[in-house]
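Q: Please see the structure below; I have some questions.
There are 2 protein chains.
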Amino acid sequence: MADPRVLEHARIIVNYSCKVKRNDFVLIFATAEAHDLVVALASELGRAGAHYVVLDADDQTRRAYLLTSDEETLSALPPQQLNLFKDSDVLINLGAFSSSNNQEMSDVPPRTLQVVAGAMRPLSDAIMNKRWNITLHPTMALAQDAKMSYEAYCDFVYSAIIRDWPKFESEMRVLSDKMARTKSVHIVGRDTDITLSIDGRRPKVSSGDHNMPSGEVFVSPVETKVEGQVYFDLPIIELGHEIKGARLTFHNGLVVKSSAEQGEEYLKAMLQVDEGAKRLGELGIGMNKGINRFTRNILLDEKMADTIHMAVGRAYEETGGTNKSAIHIDMIKSMKENGVIYFDGEPIYKDGKFVWE
Amino acid sequence: MADPRVLEHARIIVNYSCKVKRNDFVLIFATAEAHDLVVALASELGRAGAHYVVLDADDQTRRAYLLTSDEETLSALPPQQLNLFKDSDVLINLGAFSSSNNQEMSDVPPRTLQVVAGAMRPLSDAIMNKRWNITLHPTMALAQDAKMSYEAYCDFVYSAIIRDWPKFESEMRVLSDKMARTKSVHIVGRDTDITLSIDGRRPKVSSGDHNMPSGEVFVSPVETKVEGQVYFDLPIIELGHEIKGARLTFHNGLVVKSSAEQGEEYLKAMLQVDEGAKRLGELGIGMNKGINRFTRNILLDEKMADTIHMAVGRAYEETGGTNKSAIHIDMIKSMKENGVIYFDGEPIYKDGKFVWE
Chain A
789 MADPRVLEHA RIIVNYSCKV KRNDFVLIFA TAEAHDLVVA LASELGRAGA HYVVLDADDQ
849 TRRAYLLTSD EETLSALPPQ QLNLFKDSDV LINLGAFSSS NNQEMSDVPP RTLQVVAGAM
909 RPLSDAIMNK RWNITLHPTM ALAQDAKMSY EAYCDFVYSA IIRDWPKFES EMRVLSDKMA
969 RTKSVHIVGR DTDITLSIDG RRPKVSSGDH NMPSGEVFVS PVETKVEGQV YFDLPIIELG
1029 HEIKGARLTF HNGLVVKSSA EQGEEYLKAM LQVDEGAKRL GELGIGMNKG INRFTRNILL
1089 DEKMADTIHM AVGRAYEETG GTNKSAIHID MIKSMKENGV IYFDGEPIYK DGKFVWE
Chain B
789 MADPRVLEHA RIIVNYSCKV KRNDFVLIFA TAEAHDLVVA LASELGRAGA HYVVLDADDQ
849 TRRAYLLTSD EETLSALPPQ QLNLFKDSDV LINLGAFSSS NNQEMSDVPP RTLQVVAGAM
909 RPLSDAIMNK RWNITLHPTM ALAQDAKMSY EAYCDFVYSA IIRDWPKFES EMRVLSDKMA
969 RTKSVHIVGR DTDITLSIDG RRPKVSSGDH NMPSGEVFVS PVETKVEGQV YFDLPIIELG
1029 HEIKGARLTF HNGLVVKSSA EQGEEYLKAM LQVDEGAKRL GELGIGMNKG INRFTRNILL
1089 DEKMADTIHM AVGRAYEETG GTNKSAIHID MIKSMKENGV IYFDGEPIYK DGKFVWE
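Listed below in C-alpha cells is the structure:
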C-alpha cells in the first residue's frame, strides 16, 4: 500500500461512517481510478466480518450503453438491480466522483439522462433509510478540475477526510440547535432574496455518515413554502454537464422561472424529470473551514465555509422532508461578500461569519 | 474505439455465444484490464435491449479481503450474492483471466482458497443451466505468460476468436458423433494408461457458447468408472498457483494417489475441497488448430489440437455428468508424441492425428 492515508480513509468509511458489522452485505460502487481505495476497503471489510460486491460505475461504459439503448430499455429498471439495492445493508459509493474523465456524459442527450434518472428513482428510495456513504478517491481528473497538482490535491483531500469528526460535529451542533428552533430562513445576497419555511423540520449535522468529507448543516425546507429568487454563482458539474450562474425563482415552493449562464438546457431538462424536481429538497450551510478552496466538486464545495447550497429534487426524510424525485441537484452560492442569513428575522450570519464566532 | 476487433469480439459474445435478447439481465465479471471489452459489451447490450451490471473481479481486491477475513466469514455465502446469480439470465466472465497479475493469489494460503471455493459452490450450481460464457481480453499479463509481445498476443487471441464458428462446429461434430457411440475411452501416452467409461453420456462440441475462444469435444465420464494413471505434462495456473507435472491415479473413479512436480500442496488441498473434488468432471479433446502455441492459459491451452485434458470436480450436467463440486480444475496433456486414444478398443487418434484426417 503506497499511501497509508488510503488505508486510514478506508477505516473511517467502514468503521466510523458506515458502522459496518459482521454479516453486513456491502455494495461498493467504484471505478478503476478508485482501485487503491477499493483494495483498502476490502481489507477493512474482511476485518469486520462483512461481505461485499464491487459494482463498476465506469462512466465510459455507462455512456456506451446509454447511446445504443432505445427508450423502452432506458425507462425500465430491472428487478434484479432493485433487489440488489433492497437486500444490501450498506452502500459505499466511490464511483460518483472518481472517474477518469468527468465529461464522459457530456455528449449524452439530456433527454436520455432524464429518462434514466426517472427509471432509477426506486434505487434512491431503496437506499434512503440504509447506511450509505458517498466519498471520493483522489484522481487526476479531480485534480485537474481543482486546478491542482495530483500531490497537492491528495494532501487537500486527505486533510479534509482524516480529522477528528466527533469534535467537528459538536462545533456544528451550535448552528443546527439554533436552526431547530427556527421557522423561517431568509437569505439575502447578490441577486438573491429568498425565504424558506423550515417550520417543524429537523435540521441535521452532516459529520461523515453520508458524505466523506463532510461538514454542513442541512434541512429539507417545507416543500410548498419557498418564495423569492436565488442566484447560484458557483458552477457545479452534474453527470458531465456544467451548470453555472443558475437563477431560480420560487412561488409556493415551485420553480416558476429558471435560467443559467451555462448549462441552461440541461438544468431545464432536469427540472422536468418529475413533479418533485421543481421543488427544493435541501437547504445546506457549509461549515468546513478545512475545505479552503473551491475545487469544482460538489461533494467538497458544498461543505465549504461561507457558502450555502440548495438542491432541487429528492428531500431527506430524516429531516422531515417529503419531496420525492429521481434527481437531487445541488447548487452553490458564496455568501462571503454581502451575504446575510436570517433565522426568524434575526441575522445569524453576516460579514463573512456567524454572529457567535 | 482503438481496435475494431474488440467490438467484433463483443458482438460474438453477445449475439453468438450468449444469444442475449431484450430484457435479459446480464451479469458481467470484469477487471480494469478488460475495460475496452466492457465498454464494447455495454454498447452491444444496449443494442440488444438488455440490462446489465458489471461486477469487479479484481484479484488484488479479492486477495486483500481473503487475507483479513476469518474462517466464519470465508465459509459463508451471502444470500444477496446467490440471489443475484440466480436471478440473472446471462453471465459473461471476463474477470477470470484478464487480471493485471495472475499471481495475485499466489500468497493466499491454499486452505483459505479451499474454504472459499466450498462456500461459493452454490454460485456455480446456480449458473450451470443458464447462458454463460468465459472469455478473455488480451492483457499484458497474459502476453507475458505467453512469452509474446502484446501486439503479437492480440493478433493470436483475435485470430482464435474471430472466425466462422458454425463451420468449425461441423468439423468437430465428426469426433463427437463417434464419441456418442462409444462406451469406453482408453488413453495411452507418456506415464499414462487410463480407461474412462463414458457409457450413456452425451459428448458435446464446444464451439463458443460457454468458452470463447473454444474448440473441443468434451464429456463427463462415469464418476465411478475411471481406472489407471495419467500424467499431465503441461502446466496450468489456477488462482495464481501453478500446477506442473501432475500425476493422478484413479480406482473406481476416485483419485487414490496424487503428486505434482510443482504446486503439489495446492493440488492436494483442492482435491480435499469436497467429495466431488476427487472424481473426474470432464474429459476433453482439444481440436483447435488455430491455437497453434501453448500460452500457459487454460482457456486457450485446453482447446489446442493434439492435447487432451481432464478436470477434477464439477461435471457438466448437459453431458449427463452428475459429479458435484465447488472446484473444476483442468489439467492438460500433450498427445503429439506417442499418444494414442482408443474408442472401445479401436484407435481413433495416433501419430499426431485423427484416423480420418
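Which chain is which? The protein sequence lines are A and B, in order. Residue 789 is where the first sequence starts when you use this note's numbering, and the numbers rise one by one after that. Residue 789 is where the second sequence starts when you use this note's numbering, and the numbers rise one by one after that. The C-beta atom is built at its ideal place from N, Cα and C for all residues, glycine as well.
Less than 9 Å between the beta carbons of A1114(B) and S912(B), yes or no?
A: Within the second sequence, the letter at position 326 stands for residue 1114(B). Within the second sequence, the letter at position 124 stands for residue 912(B). Taking 9 Å as the Cβ cut-off, A1114(B) and S912(B) qualify as a contacting pair.
Q: Look at the alpha carbon of K955(B) and the alpha carbon of S805(B), and state the distance between them as a whole number of angstroms.
A: As a first step, residue 955(B) is located in the second sequence; it is residue number 167 there, counting from the start. As a first step, residue 805(B) is located in the second sequence; it is residue number 17 there, counting from the start. Distance between the alpha carbons of K955(B) and S805(B) is about 15 Å.
Q: Answer yes or no: does any C-beta atom of chain B fall closer than 9 Å to that of E860(A)?
A: As a working note, residue 860(A) is residue 72 in the first sequence. Closer than 9 Å to some Cβ of chain B, the Cβ of E860(A) qualifies, so yes.
Q: With contact counted as at least three CB pairs below 8 Å, one residue from each stretch, are the region 790–809 of chain B and the region 826–842 of chain B in contact?
A: yes
Q: Would a check of beta-carbon distances place Q868(A) closer than 9 Å to chain B?
A: As a working mapping, residue 868(A) is identified with position 80 in the first sequence. At least one chain B Cβ lies under 9 Å of Q868(A).
Q: Apply the 10 Å Cβ neighbour rule to V1100(B) and answer buried if 16 or more other Cβ atoms are within range, or exposed otherwise.
A: Against the second sequence, residue 1100(B) aligns to sequence position 312. Counting other Cβ atoms within 10 Å of its Cβ, V1100(B) reaches 16 or more and is therefore classed as buried.
Q: Bridge partners of V1005(B), per DSSP?
A: For this step, residue 1005(B) is matched to residue 217 along the second sequence. DSSP output for V1005(B) lists V993(B), I1073(B) as bridge partner(s).
Q: With three or more beta-carbon pairs closer than 8 Å as the criterion, would you say the region 856–876 of chain B touches the region 1058–1073 of chain B?
A: no
Q: Flag D844(A) as yes if its beta-carbon sits less than 9 Å from any beta-carbon of chain B, otherwise no.
A: By 1-based counting over the first sequence, the position of residue 844(A) is 56. Chain B, which has a Cβ nearer than 9 Å to the Cβ of D844(A), makes this yes.
Q: Once the 5 residues before and after V945(A) are set aside, which same chain residues still bring their CB inside 6 Å of it?
A: Locating residue 945(A) in the first sequence gives position 157, counting from the first residue. Counting only Cβ-Cβ distances below 6 Å, and skipping sequence neighbours, we find P926.
Q: What residue from R835(B), K1077(B), E1049(B), E1070(B) has the CA that sits closest to G1140(B)'s CA?
A: Position 352 of the second sequence, counting from 1, holds the residue named residue 1140(B). The residue with the shortest Cα to Cα distance from G1140(B) is K1077(B).
Q: Which word fits G1109(B), buried or exposed, when buried means at least 16 other C-beta atoms lie within 10 angstroms of its C-beta?
A: Position 321 of the second sequence holds residue 1109(B). Taking every protein chain shown into account, the CB of G1109(B) has 16 or more other CB atoms within 10 angstroms, so this residue is buried.
Q: Could you have a look at H797(B) and say whether DSSP puts it in helix, strand or coil?
A: Against the second sequence, residue 797(B) aligns to sequence position 9. Note: H797(B) maps to helix in three-state DSSP.
Q: Please report the straight-line C-alpha distance between T1083(B) and K935(B), rounded to a whole angstrom.
A: Walking along the second sequence from the start, residue 1083(B) turns up at place 295. Walking along the second sequence from the start, residue 935(B) turns up at place 147. Straight-line Cα distance between these residues: approximately 7 Å.
Q: Between which two residues does the alpha helix (DSSP H) holding E939(B) run?
A: Numbered from 1 along the second sequence, position 151 holds the residue referred to as residue 939(B). Its alpha helix (DSSP H) spans residues 938–949.
Q: What distance in whole Å lies between the Cβ atoms of I1024(A) and D1118(A), which are believed to be in contact at a cut-off of 8 Å?
A: Against the first sequence, residue 1118(A) aligns to sequence position 330. Against the first sequence, residue 1024(A) aligns to sequence position 236. About 6 Å separates the CB atoms of D1118(A) and I1024(A); that is less than 8 Å, so the two are in contact.
Q: By the criterion of Cβ-Cβ separation under 7 Å, what are the contact partners of R835(A) in chain B?
A: Along the first sequence, read from residue 1 onward, the residue named residue 835(A) stands at position 47. Going along chain B in sequence order, the residues near R835(A) (Cβ under 7 Å) are T856.
Q: Taking buried to mean at least 16 other C-beta atoms within 10 Å of its own C-beta, is A1034(A) buried or exposed?
A: Taking the first sequence and counting its residues from 1, the one referred to as residue 1034(A) is at position 246. So A1034(A) ends up on the buried side.
Q: Just to confirm my understanding: we take V1044(B), look at its own chain, exclude 5 residues before and 5 after, and list those with CB closer than 6 Å. What are they?
A: Translated into positions along the second sequence, residue 1044(B) becomes position 256. Cβ neighbours of V1044(B) beyond the five flanking positions: T1037.
Q: Please say whether L930(A) and F885(A) have beta carbons closer to each other than 9 Å?
A: On the first sequence, position 97 is the one that residue 885(A) refers to. On the first sequence, position 142 is the one that residue 930(A) refers to. Yes, the pair counts as a contact, with Cβ atoms nearer than the cut-off.
Q: What residues match up with E1026(A) in a beta bridge as DSSP calls it?
A: One-based indexing of the first sequence puts residue 1026(A) at position 238. BP columns for E1026(A) point to H1029(A).
Q: Per DSSP, E1134(A) is paired with what?
A: Counting from 1 along the first sequence, the entry for residue 1134(A) is found at position 346. E1134(A) pairs with F1131(A).
Q: With three or more beta-carbon pairs closer than 8 Å as the criterion, would you say the region 806–813 of chain A touches the region 830–847 of chain B?
A: no
Q: Say whether chain A places a C-beta atom closer than 9 Å to the C-beta of D875(B).
A: Translated into the one-based positions of the second sequence, residue 875(B) becomes position 87. Chain A contact via Cβ: present.
Q: How would you write the range of the alpha helix (DSSP H) that M967(A) sits in, first residue to last?
A: Sequence index remark: in the first sequence, residue 967(A) carries index 179 (1-based). Note, M967(A): alpha helix (DSSP H), 953–968.
Q: So with Cβ pairs under 9 Å, would you call L1027(A) a contact of chain B?
A: Here residue 1027(A) refers to the residue found at position 239 when the first sequence is read from its first residue. For L1027(A), the answer is no, since every Cβ of chain B falls outside 9 Å of its Cβ.
Q: For the beta strand (DSSP E) that E1015(B) lies in, which residues bound it at each end?
A: For the purposes of this step, residue 1015(B) is taken as the residue at position 227 of the second sequence. Here the beta strand (DSSP E) through E1015(B) covers 1014–1020.
Q: Find the residues of chain B that neighbour Y853(A), judging by a C-beta separation of less than 8 Å, and give them in chain order.
A: On the first sequence, position 65 is the one that residue 853(A) refers to. Neighbours of Y853(A) on chain B, chain order: A830, S831, L833, G834, Y840.
Q: Examine the Cβ distances between the region 1046–1059 of chain A and the region 957–968 of chain A and report whether three or more of them are shorter than 8 Å.
A: no
Q: Taking Cβ-Cβ distances shorter than 9 Å, what residues in chain B pair up with N890(A)?
A: As a position in the first sequence, residue 890(A) is number 102, starting the count at 1. Neighbours of N890(A) on chain B: none; closest Cβ ~17 Å, over 9 Å.
Q: Examine chain A for any beta-carbon lying closer than 9 Å to the beta-carbon of H797(B), and answer yes or no.
A: Taking the first residue of the second sequence as position 1, residue 797(B) is located at position 9. Closer than 9 Å: no.
Q: My understanding is that Q868(B) touches F817(A), with C-beta atoms under 8 Å, so please give their C-beta distance in whole angstroms.
A: As a position in the second sequence, residue 868(B) is number 80, starting the count at 1. As a position in the first sequence, residue 817(A) is number 29, starting the count at 1. Contact check for Q868(B) and F817(A): beta-carbon distance about 15 Å, past the 8 Å limit, so the pair fails to qualify.
Q: Considering only DSSP beta bridges, list what R919(A) is partnered with.
A: Within the first sequence, the letter at position 131 stands for residue 919(A). V878(A), per the DSSP bridge assignment.
Q: Of the residues E1015(B), P898(B), N1080(B), which one's Cα is nearest the Cα of D943(B)?
A: Walking along the second sequence from the start, residue 943(B) turns up at place 155. Nearest C-alpha to D943(B): N1080(B).
Q: For R835(A), report the span of its alpha helix (DSSP H) as first-last.
A: What you label residue 835(A) is simply residue 47 of the first sequence in a count that begins at 1. That run of the alpha helix (DSSP H) goes 823–836.
Q: Give the straight-line distance between the Cα atoms of L882(A) and I922(A), rounded to the nearest whole angstrom.
A: Taking the first sequence and counting its residues from 1, the one referred to as residue 882(A) is at position 94. Taking the first sequence and counting its residues from 1, the one referred to as residue 922(A) is at position 134. Rounded to whole angstroms, L882(A) to I922(A) spans 6 Å at the Cα level.
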